[in-house]
Every structure is written in C-alpha cells, then in structure tokens.
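Start counting the sequence shown at 137; every next residue gets the next number (my numbering). Note that the Cβ used here is the ideal one computed from N, Cα and C, for glycine as well. Just so we're clear, the structure is a prediction, and the values are computed from it rather than from any experiment. Contents: one structure, followed by commentary.
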Amino acid sequence: MVAGSLLLAGCGGDGDEAEPGVSVSGGKIGLAMPTTSSSRWVNDAENMAKQFELLGYEPLVEFAEDNVPAQVEQIQAMIDQGAEALVVAAVDGTALADVLSQAASKDIPVISYDRLIRDTPNIDYYASFDNFRVGVLQGGHLVDELGLRSASGPFTIELFAGDAKDNNAGFFFDGAMSVLRPYLKQGKLEIRSGQNKFAQITTAGWNGEVAQKRMANLLSANYGSENLDAVLSPYDGISRGILTALQADGYGKGGKPLPAITGQDAELDSVKLIVAGTQSETVYKDSRELAKVAVQMTDSLLAGATPEVNDTKQYNNGVKDVPSFLLQPVNVDRSNYETVLVDGGVYTAQEIGS
Ligand code: GAL
C-alpha cells in the first residue's frame, strides 16, 4: 500500500477506479527501452523497474542500443516469456506494427513510453510530456538570451532537430519554430546555411557525433568572419556534439563567444556545462514522474480499470487518437538549476560540481 500511495501522489488521480497495489500484481512486465548511451533512458528504466517491483510485478528490462531489429526481437522475447503488459520507448516509432500485432493477439496491453508508436492500432495509452511545449521553452530561451524582443539584430542561428523516426522530434521542432519564426520573418534572426526545413536538419539516432559533423560543416561553409550567435538543439547529447565542433572552431575563446545553445533532458554532463556557462539551457523532464504515470497506467489496465489521462486529441499515431497523459517540462538554465535539480533531488550539488 505504500507503493500505491506513491503512485497516486505522482499522478494526481483520485484513486476511485484502479487502486494500484491491490490489483492483479505479480506478473511480468516488459520494459523495452531504446539505448543505454543516454543516461535518461537508464534512469527511466530504473525508476519504472523499482516502482513495478514495489507493486509486486516482475519487470523484464531490455535496451536495444538504437538497433531497430534488436528492439523487435526483444519485444517478441518479452511476449514469449509471458509478459502481461509492455511499456515501450521505441527506437523507430514506425517499425513495431508487426510485433505489436503479436502482442494484441495475446491481449497484452501496450503503453507507448515518451515516444509515440505510430501506424498501429495496437497501442493502448501514451505517457509523455507536452512535447510541443519543450520546443516552445527552447525557442523562448533563445529569444531571451539574444534579447530578441528589443534588440534589432540580425543575429545568426542554426537549427538542429532529433531523429526523424521519433515522433517527438517534429513536435520539438514545431514548438521551437512557433516562437522563432516571427523573428526569422522580421529579419532579426538569420540562418546563413538556409537550412530551415525539418528534413534538412534532423539528426539520425539523436547522435551527438552526427550533430558534431554537421555543425563543423555548417561553420566552415557559412561562418568565416561572421560569428554564430545561437543554436537550436533539441537534446543534450546533440548539444554536446555541437559544442565540441564550436570549440574546435575557436568558439569560447577571445572575441568569439559561444553561441546560446539549448538542450533537453538535464543530463548530468550537460548540467555541468550549464554551470560552467558553456551550454546555456536544457529542458528538464522528470522521469520519476513519467515512470509513475506509466506504472499507474499499466497497473490500472491490468486491474481492468481505465487509466487516468489528460489529453485525448494531440497525439494521433496515424491510425487513432491515442489517449495520453502529458507531464509538463521545465526550462533550466544558470538561474534556476539549483532550485530545480538540486533542491528537487535530481542531482546533488557535489555531482554537479557547483
Ligand atoms: C526523445 C525524448 C527526449 C530525448 C531524445 C533522445 O524521444 O523525448 O527527451 O531523450 O528522445 O533520447
């Protein structure tokens, strides 16, 4: 019952229907995660596994290391091992229709975790954040850092997006562009490469090295004497790759200050860069809370109840509107990292080195 109240506290549910912890716990739950190369997914998996265990379930955790066939095999193996439910953060949100039809044939409910699984009727619920808002926060940070409301500029900016196969990538980009587009139109922001379309700026596998190469190419082709003032980056791992390319090009020394650069996930390595004044922003998404949502959804479904949702319209996966519970992301920069991340119990001051 301790675990049950933990869950209810996290989800804000009134507990009328599925009361977590008193239902059909005991079964295996498959947790299919994309990669261990990013600390956030490791944390997400640990948080969920812990909470499922507290409710008496047996979590089966697998990481696919960004390999699509490997993830399909892992999910298949979970089904074969008798998983009662699946929680999946997809490597490629469009590649799971076949294996999920296997799950459906065995009445195994599926929660799409953080990344929406597309092109299949066989997902039940979506647990994520307000992904458009993530982009709004990133764009808003650049507006603030450059003082775009009052300064006339023009300032130079380059844009990066996430993996095209991740449904979130477009939401982040659209959110950021909803803020930045008016300044591009007014000429206060200028993209010297001209690369302003989603398809031109995506980063395969959310990979920092891929982004590093693209940044190096953009700098050599477009920024000779002119400095780059801002970079829209969707995720901390990408931001760190971009920063490596910028520093190799002489940014951060002498008369060449580093551009303002956004991020996401508040990964420890990036939080340290924020404290050092290198990366200027990240978006924190509390994976402890996301884990609670996913666990609560799964537990409710297995108890035959209806999980609590707070959005039924924003996320269509190409087949249906997927009922969703969306948490709120938080902007983090030098001014508030202590309050949000240290006081919030995410990292100790010692870990951050502040
Ligand atoms: C997205 C996720 C982001 C970030 C990114 C790279 O799907 O929403 O928070 O983690 O993947 O892993």
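Inset, instruction - Please go through the same chain and pick out, in chain order, the residues whose beta-carbon is closer than 7 Å to the beta-carbon of Q210, but skip the five residues on each side of it. - result: The sequence position of residue 210 within the sequence shown is 74, counting from 1. Around Q210: A168, E198, A200.
Inset, instruction - On a CA-only basis, which of G218, D250, Y262 is nearest Q238? Give me that one, please. - result: To locate residue 238, count along the sequence shown from 1; it is residue 102. Nearest of G218, D250, Y262 to Q238, Cα basis: G218.
Inset, instruction - Compute the distance between the beta-carbons of K242 and L196, then report whether it is under 8 Å. - result: Locating residue 242 in the sequence shown gives position 106, counting from the first residue. Locating residue 196 in the sequence shown gives position 60, counting from the first residue. Against a cut-off of 8 Å, the Cβ pair of L196 and K242 comes out as no contact.
Inset, instruction - Given a cut-off of 8 Å, decide if I293 and A225 are closer than it, judged by their beta-carbon atoms. - result: What you label residue 225 is simply residue 89 of the sequence shown in a count that begins at 1. What you label residue 293 is simply residue 157 of the sequence shown in a count that begins at 1. Not in contact: A225 and I293 (Cβ atoms no closer than 8 Å).
Legend entry - Cutoff 7 Å; reference V235; Cβ partners in own chain excluding five residues on either side: Here the question's residue 235 lines up with position 99 in the sequence shown. Excluding residues within five positions, the ones whose Cβ falls inside 7 Å are V208, I211, Q212.
Inset, instruction - Kindly indicate which three-state DSSP category L295 falls into: helix, strand or coil? - result: Within the sequence shown, the letter at position 159 stands for residue 295. Reduced to three states, the DSSP call for L295 is strand.
Inset, instruction - Examine the ligand GAL and report whether any of its heavy atoms sits within less than 7 Å of the Cβ of G306. - result: In the sequence shown, counting from the first residue as 1, residue 306 sits at position 170. No; taking the cut-off as 7 Å, the Cβ of G306 has no heavy atom of the ligand GAL nearer than that.
Inset, instruction - Compare the C-alpha of K301 against each of G162, D202, F188 and name the closest. - result: Counted from its first residue, the sequence shown places residue 301 at position 165. The shortest Cα separation from K301 among G162, D202, F188 belongs to D202.
Legend entry - Spatial neighbours of P393 in its chain, beta-carbon cut-off 8 Å, leaving aside the 5 residues before and after: Locating residue 393 in the sequence shown gives position 257, where the first residue counts as 1. Excluding positions up to five away in sequence, the list reads N363, Y387.
Legend entry - Burial state of P205 (16 or more Cβ within 10 Å): On the sequence shown, position 69 is the one that residue 205 refers to. So P205 counts as exposed.
Inset, instruction - Decide if K389 is buried, meaning its Cβ has at least 16 other Cβ atoms within 10 Å, or exposed. - result: Here the question's residue 389 lines up with position 253 in the sequence shown. Under this definition K389 is an exposed residue.
Legend entry - I327 versus L295: straight-line alpha-carbon distance, rounded: Your numbering for residue 327 matches position 191 in the sequence shown. Your numbering for residue 295 matches position 159 in the sequence shown. Rounded to the nearest angstrom, the two C-alpha atoms are 8 Å apart.
Inset, instruction - Run the proximity test for Q415: is its beta-carbon closer than 7 Å to any non-hydrogen atom belonging to the ligand GTP? - result: The model on display carries the ligand GAL but not the ligand GTP.
Legend entry - Cβ-heavy atom distance, G454 to the ligand GAL, below 7 Å: For the purposes of this step, residue 454 is identified with residue 318 of the sequence shown, where counting begins at 1. False, no ligand heavy atom lies under 7 Å from that Cβ.
Inset, instruction - Reducing DSSP to helix, strand and coil, say where G276 ends up. - result: Translated into the one-based positions of the sequence shown, residue 276 becomes position 140. Helix, per DSSP.
Legend entry - Contact under 8 Å by Cβ, Q415 with L379: Taking the first residue of the sequence shown as position 1, residue 415 is located at position 279. Taking the first residue of the sequence shown as position 1, residue 379 is located at position 243. Contact: yes.
Legend entry - Beta-bridge pairing of P195 - partner residues as DSSP gives them: Counting from one through the sequence shown, the residue named residue 195 turns up at place 59. According to DSSP, P195 bridges with I165.
Inset, instruction - Give me the Cβ distance between D250 and A263, rounded to the nearest whole Å; I'm assuming they're in contact under 8 Å. - result: By 1-based counting over the sequence shown, the position of residue 250 is 114. By 1-based counting over the sequence shown, the position of residue 263 is 127. With 8 Å as the limit, D250 and A263 qualify as a contact, their Cβ atoms being about 7 Å apart.
Legend entry - Per-residue DSSP class, three states only, for I211: On the sequence shown, position 75 is the one that residue 211 refers to. Of the three classes helix, strand and coil, the one that applies to I211 here is helix, per DSSP.
Inset, instruction - Locate the beta strand (DSSP E) running through I247, then write down its first and last residues. - result: Translated into positions along the sequence shown, residue 247 becomes position 111. 246-249 is the span of the beta strand (DSSP E), which, as asked, contains I247.
Inset, instruction - Would you mind stating whether G399 and S423 have Cβ atoms separated by less than 8 Å? - result: Here residue 399 corresponds to residue number 263 of the sequence shown, with the count starting at 1. Here residue 423 corresponds to residue number 287 of the sequence shown, with the count starting at 1. Contact: no.
Legend entry - Cβ neighbours of F268 in the same chain (closer than 7 Å, five flanking residues each side left out): By 1-based counting over the sequence shown, the position of residue 268 is 132. Taken in chain order, the residues that qualify are F307, D310, G311.
Inset, instruction - Put Y319 into one of helix, strand or coil per three-state DSSP. - result: The sequence position of residue 319 within the sequence shown is 183, counting from 1. Looking at Y319 - three-state DSSP - the assignment turns out to be helix.
Inset, instruction - Using the DSSP secondary-structure output, state which residues sit across from K408 in a beta bridge. - result: In the sequence shown, residue 408 corresponds to position 272, counting from 1. None, per the DSSP bridge assignment.
Legend entry - Beta-carbon gap between Y319 and L284 smaller than 8 Å: Your numbering for residue 319 matches position 183 in the sequence shown. Your numbering for residue 284 matches position 148 in the sequence shown. Against a cut-off of 8 Å, the Cβ pair of L284 and Y319 comes out as a contact.
Inset, instruction - Would you tell me roughly how many angstroms separate the C-alpha atoms of G229 and V419, rounded to the nearest one? - result: As a working note, residue 229 is residue 93 in the sequence shown. As a working note, residue 419 is residue 283 in the sequence shown. Whole-angstrom Cα-Cα distance: 22 Å.
Inset, instruction - Run the CB neighbour count on V315, radius 10 Å, all protein chains shown included, and call it buried at 16 or more, exposed below. - result: Walking along the sequence shown from the start, residue 315 turns up at place 179. Looking at its Cβ environment, which holds 16 or more other Cβ atoms inside 10 Å, V315 is buried.
Inset, instruction - Give a yes or no on contact between the stretch 430-447 and the stretch 401-409, applying the rule of three or more CB pairs nearer than 8 Å. - result: no
Legend entry - Reduced DSSP secondary structure (H/G/I, E/B, other) of E403: As a first step, residue 403 is located in the sequence shown; it is residue number 267 there, counting from the start. Looking at E403 - three-state DSSP - the assignment turns out to be coil, as it is neither helix nor strand.
Legend entry - Helix, strand or coil at S174 [DSSP, three-state]: Translated into positions along the sequence shown, residue 174 becomes position 38. Correct three-state label for S174: coil.
Legend entry - Closer than 7 Å: Q464 CB and nearest the ligand GAL heavy atom: In the sequence shown, the residue the question calls residue 464 occupies position 328. No, the beta carbon of Q464 sits no closer than 7 Å to any heavy atom of the ligand GAL.
Legend entry - Nearest to Y483 (by Cα), restricted to the options A402, N452, V429, N453: The residue you call residue 483 lines up with position 347 of the sequence shown. With distances taken between Cα atoms, Y483 lies closest to A402.
Inset, instruction - With distances taken Cα to Cα, identify the nearest neighbour of D255 among N303, A287, E189. - result: Within the sequence shown, numbered from 1, the residue matching residue 255 stands at position 119. Selected option, being the one with the closest Cα: N303.
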